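Undergrad: Here you go, one structure.
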Amino acid sequence: MLNRKFPLTRLRRLRSNSFIRDIVDENKITTDDLIQPIFVKDSDGIEEIDKMPNVFRYGLDVLIKEVREICELGIKSIAIFPVIDSSKRDAAGSEAFNENNLACSAIKLIKEHYPDLIIISDVALDPYTNHGHDGVLIDGYVDNDSTVSALVKQALCLANAGADIIAPSDMMDGRIKFIREALEESNFKNTIILSYAAKYSSSFYGPFREAVKSSSKLGNSSKSSYQMSSANSDEAIHEVAMDINEGADMVMVKPGMPYLDIISKVKEVFQIPTFAYQVSGEYSMLKHAIENGLLDNKVMLESILCFKRAGADAILTYAAKEISKELNK
Ligand code: PBG
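Given below as structure tokens:
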């Protein structure tokens, strides 16, 4: 006999087949949500990055072919990271504000071929300094205010080259205000600022630092005097509030998967476009596990969906191309 006291609510009804599951899904990933980071190098050809399976550095001679593939998959935005020769790095990171540097050349080249593709460009001195820090060192300490002056010059060069989105990833205080004012004064009124507002001092950046060849320069030195402590979340709210007040259009939380609580909090408190970065260490961890048969490759898409569920509006991931191929099937 049927027990009439059995719960009338059966949550499994809406899970019983794939069509009904698709209809009631609260979150979906499309190629609109994905941003592909690209490493650009100042010599010709392609080089695989040791610790990041299936991620490469591209010379300007092969860059457009790669960008074409990205565009054809339906991805609408990329983030450019220059890897420059040691000979061009100095203590002040002055190559950062050379108008014809590698980042600017890459942006101009891409814009000639794909004017609609949204280009995000990092603002920080680490690709250009011979000590690997994001700013200017004075007595071994990254000096906030002189770094901000350098970042303003760097941001103007990138905007002038055609970057759609300027993304300060340096964590200096006050840099959004000064960059925003400089952009307004120089008639870059529609240049978007995506602030890496809640950027943590994280060991998950390891493979990236090797990819841009800054880890050997940084040595044992840490970025903890400017990037946030993993212990904190109230502080993330202060950082985001400050950057929004100073003129940021969008904010980023970084790293991603171990910091989903921060994404969720930021989105809930500010309701501003909030991006998340699945950083190099997270990507490499998953990728190595997949390559070694420990995990199914579906974990990549699952991880991205979890970012979305947590509140991210878009996700920077080295797997953007690969996930897009999967989504387009
Ligand atoms: C540089 C920068 C870093 C990343 C993006 N921009 C490294 C760092 O702060 O040391 C990390 C990205 C990744 O790990 O994928 N300011």
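Going by the numbering used here, the final residue of the sequence shown carries number 1313, and the count climbs one at a time with no gaps. All C-beta atoms, glycine included, are put in the ideal place defined by N, C-alpha and C. On a predicted model such as this, the values are computed, not experimentally measured, just so you know.
Can you round the beta-carbon distance between A1080 and I1064 to whole angstroms, since I take them to be within the 8 Å contact cut?
TA: Taking 8 Å as the upper bound for CB-CB distance, A1080 and I1064 are not in contact here, some 13 Å apart.
Undergrad: What is the C-beta distance between N1038 and K1271, in whole angstroms, given that I count them as a contact (C-beta under 8 Å)?
TA: 7 Å
Undergrad: Going by alpha carbons, who is nearest to E1096 out of N1084, S1179, I1048, S1130?
TA: I1048
Undergrad: Please tell me whether, using a cut-off of 7 Å, the distance from the CB of G1119 to the nearest non-hydrogen atom of the ligand PBG is below it.
TA: No.
Undergrad: In the DSSP assignment, what residue or residues form a beta bridge with A1166?
TA: For A1166, no pairing in a beta bridge is given by DSSP.
Undergrad: Going by the beta-carbon positions, is the gap between G1116 and D1127 smaller than 8 Å?
TA: no
Undergrad: Is the beta carbon of K1035 sitting closer than 8 Å to the one on P1152?
TA: no
Undergrad: Measuring CB to CB, does L1121 end up less than 8 Å from A1304?
TA: no
Undergrad: According to DSSP, is R971 part of a helix, a strand, or is it coil?
TA: The structure shown does not extend to residue 971, since the chain is modelled only from 985 through 1313, so no value can be given for it.
Undergrad: Below 8 Å on the Cβ atoms is my guess for K1183 versus M1155; work out the distance and round it to an integer in Å.
TA: 5 Å
Undergrad: Would you call the region 1171-1178 in contact with the region 1219-1234, where contact means no fewer than 3 C-beta pairs closer than 8 Å?
TA: yes
Undergrad: The beta strand (DSSP E) that contains Q1262, what's its start and end?
TA: For Q1262, the uninterrupted beta strand (DSSP E) segment begins and ends at 1258-1262.
Undergrad: L1311 and T1014 look like a contact to me (Cβ under 8 Å); what is the Cβ gap, rounded to whole Å?
TA: 7 Å
Undergrad: List the endpoints of the continuous beta strand (DSSP E) containing E1031.
TA: 1030-1032
Undergrad: Beta-carbon separation of E1275 and M1241 under 8 Å?
TA: Cβ distance not < 8 Å, so E1275 and M1241 don't count as in contact.
Undergrad: When you compare only the Cα positions, how much space is there between Y1189 and N1204?
TA: A straight-line Cα-Cα distance of about 14 Å links Y1189 and N1204.
Undergrad: Name the residue from A1134, P1099, F1162 whose alpha carbon lies nearest to the alpha carbon of A1145.
TA: P1099
Undergrad: Just tell me which of K1060, A1166, K1072, D1227 has its CA closest to the CA of Q1020.
TA: K1060
Undergrad: Looking at C-alpha atoms only, which residue of D1245, E1010, V1051, I1007 is the closest neighbour of V1024?
TA: V1051
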